[in-house]
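Chains as they are written, first to last, in the working numbering: chain A, 2 to 122; chain B, 13 to 122.
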Amino acid sequence: QLQLQESGSGLVKPSQTLSLTCAVSGDSLNSGGYSWSWIRQPPGKDLEWIGYIYHSGSTYYNPSLKSRVTMSIDRSKNQFSLKLNSVTAADTAVYYCARGEALPPRYFGYWGQGTLVTVSS
Amino acid sequence: QSVLTQPPSVSAAPGQKVTISCSGSSSNIGNNYVSWYQHLPGTAPKLLIYDNNKRPSGIPDRLSGSKSDTSATLGITGLHTGDEADYYCGTWDTRLTTFVFGTGTKVTVL
């Protein structure tokens, strides 16, 4: 059974960089046909798709966040990562990693439990 | 704010049926597949419906999905307390070039 688990800093200061990692078990990130996404949900707000990374390392980011987002993949550890720089309070959210079907993703079949990141001084 | 609009809440008695609408446009629902997710706070969102009307393995047939033009609908029959959760629709938006989610609907079992 595929499982995803987010980890990373839960508290980030304004203007600094948010860093999260998603560890994948039960499947290889090298599996074709899937994209690996980050999605977030600020308190009381809608889900927002951040972007995806493919096993080849190619990426696609939400245009609204593109200037601040970097995603990377570590095949040896079977995990992928998110960096979001110049954070503000508006970046406070629960961050999820998820496996997307196809490119661009048609749907997300597996999600992590999510991790809360708070931006505060 | 999301480009996919859902009612904030729906409710029904146990055993009854609820439907949740998801209204979009030709750049999203009108030309792309719709999926539906159940979300309980503190847990991983769960895929209920994909490709408009398909159920993943393990999802009971009392859940159904449909799409017409620029709107989609999730139906839940035989409602029980375990169905109390937030439900979201989602699809790719060709104009925004991003995956978009609906505004979310809270289901309450009376």
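Glycine included, C-beta positions come from ideal geometry on N, C-alpha and C.
The residue among B/94, B/53, B/66, B/28 with its C-alpha nearest the C-alpha of residue 84 of chain B is B/66. Residues are counted here when their Cβ sits less than 8 Å from a Cβ of chain A; for the region 80-102 of chain B these are 100, 102, given in chain order. Secondary structure of residue 42 of chain B (DSSP, three-state): helix. In this structure residue 116 of chain B is buried. Its beta-carbon is surrounded by 16 or more other beta-carbon atoms within 10 angstroms. Taken in chain order, the members of the region 33-60 of chain A whose beta-carbon sits within less than 7 Å of a beta-carbon on chain B are 47, 48, 50. The secondary-structure analysis by DSSP pairs residue 7 of chain A across a beta bridge with A/23.
Between residue 19 of chain A and residue 10 of chain A, the gap from beta carbon to beta carbon is short of 8 Å. Taking CB atoms only, residue 20 of chain B has no neighbour in chain A less than 8 Å away.
Residue state for residue 91 of chain A is assigned as helix, using DSSP reduced to three classes.
Judged by beta-carbon spacing, residue 23 of chain A lies beyond the 8 Å limit of residue 49 of chain A, meaning their Cβ atoms are not closer than that value. Of A/104, A/13, A/28, the smallest CA-CA separation from residue 78 of chain A is found for A/28. The region 102-121 of chain A makes contact with the region 46-66 of chain B: 3 or more CB pairs, one atom from each, lie closer than 8 Å.
For the region 97-110 of chain A, residues whose beta-carbon sits nearer than 9 Å to a beta-carbon of chain B comprise 97, 99, 101, 102, 105, 106, 107, 108, 109, 110. Looking at the DSSP output, residue 83 of chain A sits in a beta bridge with A/21, A/72. The beta carbon of residue 3 of chain A sits closer than 6 Å to the beta carbons of 27, 28, 111 from its chain, once the five residues preceding and following it are set aside; these are given in chain order. Runs of the beta strand (DSSP E) lying entirely within the region 43-114 of chain B and spanning at least 3 residues, in chain order: 47-51, 58-61, 75-80, 83-88, 97-105, 110-113.
Beta bridge pairing from DSSP links residue 23 of chain B with B/120. Note on geometry: alpha-carbon atoms of residue 35 of chain B and residue 76 of chain B lie some 17 Å from one another. Between the alpha carbons of residue 122 of chain A and residue 88 of chain A lies a gap of roughly 11 Å. Only residues of its own chain outside the window of five on either side were considered, and among them 18, 69 have a CB closer than 6 Å to the CB of residue 86 of chain A, listed in chain order. According to DSSP, residue pairing for residue 42 of chain A in a beta bridge involves A/95. Where residue 52 of chain A is concerned, the enclosing beta strand (DSSP E) starts and stops at 49-54.
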